[in-house]
Amino acid sequence: MTIKLHGSPFSTATMRATASLYEKEVEFEFVHVDMKNGEHKKEPFILLNPFGQVPAFEDGDLKLFESRAITQYIVHEYAEKGTQLICNESKKMAMVRMWMEIESQKYDQAASKLVWELAVKPMYGIPTDQAAVEETEGKLGSILDFYEKTLSQNKYLAGECFTLADLHHLPTIHYLMNTPSKKLFESRPHVTAWIADITARPAWSKVLAMQPNLSSK
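Positions 11 to 227 (our numbering) are the ones given, in order, by the sequence shown.
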């Protein structure tokens with residue numbers, strides 16, 4: 011039974027789901043959705059995700075959308091394969107889940123806005139809102155202060171093992187490290203070391219290899 015991931019290799023949400031599949035060493039078929047031509051807003055894709063957003067995921071009769079739900083399904087369903095991205099012990103798993111919530115509710119709110127302003131808008135020739143960038147950098151900087159404190163004590167966000175909590179950050183970090191906002195990360199030494207570690211993972215290299223046009227940026 012073929013596992014299918016429908017999306018764009020340039021989409022942060024698609025990259026998040028793809029990274030989990032590679033980490034778990036799960037074979038899958040990637041179905042490219044041409045977002046520039048609006049394929050994500052039309053049939054047949056809209057039948058997989060009624061909100062018209064990538065990615066969408068199929069595993070047999072199961073159909074999912076929302077990248078973080080997809081990653082959690084993958085690590086539970088294929089627990090015996092590849093990297094163990096969650097913890098069986100309840101207290102450790104509570105830490106992983108807490109950091110997954112911090113990523114989605116705090117970090118990503120600011121990081122995705124900066125990706126939009128500094129990475130996506132220039133691709134489409136849309137002027138960057140510098141006032142929004144400055145305000146959002148202030149918010150992300152405050153959040154990263156907490157990351158710096160945590161990573162001064164732990165190798166990874168939820169402890170000494172790489173987990174979904176770390177993996178979920180990879181797509182936005184990838185884009186922001188190619189923008190002036192990289193200073194927010196580089197000014198914090200423990201955050202910098204963490205980024206160097208997680209971005210060097212072989213699974214992440216496979217994700218980036220899917221977008222050759224960005225490899226030189």
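Even glycine gets a Cβ: it sits at the ideal position worked out from N, Cα and C.
So the candidates are the options; which of them puts its Cα closest to the Cα of residue i?
i: E68; options: L194, Q140, E39 and Y117; result: E39
i: M133; options: A23, K46 and P222; result: K46
i: T182; options: G148, F20, T12 and E158; result: F20
i: W204; options: M110, Y185 and N164; result: N164
i: V217; options: E196, M187, L180 and H200; result: L180
i: T93; options: T22, E53, M187 and C171; result: C171
i: G148; options: E111, E113, S162 and F195; result: F195
i: A213; options: A129, L174, S122 and V130; result: L174
With a threshold of 8 Å on Cβ separation, who are the neighbours of residue i within its own chain once the five nearest residues in sequence on each side are excluded?
i: F242; result: Given a span of 11 to 227 for the chain in the structure shown, any question on residue 242 remains unanswerable.
i: L177; result: R26, A29, S30, E33, T81, L95 and I208
i: Q151; result: Rather than Gln, the amino acid found at residue 151 in this sequence is Gly. Taken in chain order, the residues that qualify are L194.
Return the chain-ordered list of same chain residues with a C-beta closer than 6 Å to the C-beta of residue i, the five sequence neighbours on each side being excluded.
i: V43; result: H16, G17, S18, E49, H50, F55 and V64
i: S226; result: Note on S226: pLDDT 35, under 50, position unreliable in the model; the coordinate value appears next. None.
Does residue i come out as helix, strand or coil in the three-state DSSP assignment?
i: H200; result: helix
i: A33; result: Looking at the sequence itself, residue 33 is Glu, so the reference to Ala does not match. In the structure shown, E33 sits in a helix (DSSP, three-state: H, G or I).
i: S225; result: Note that S225 scores a pLDDT of 37, beneath 50, so its modelled location is shaky; the value from the coordinates is reported in the next line. Coil at S225, not helix or strand.
i: K131; result: helix
i: E145; result: helix
Within 9 Å of any Cβ in chain D, is that where the Cβ of residue i sits?
i: N164; result: Going by chain labels, chain D is absent from the structure shown, which holds only one protein chain.
Can you pull the DSSP bridge partners for residue i?
i: G17; result: H42
i: Y166; result: G169
- request: Pair every Cβ in the stretch 122–140 with every Cβ in the stretch 101–110, then say whether three or more of these pairs are closer than 8 Å.
  value: no
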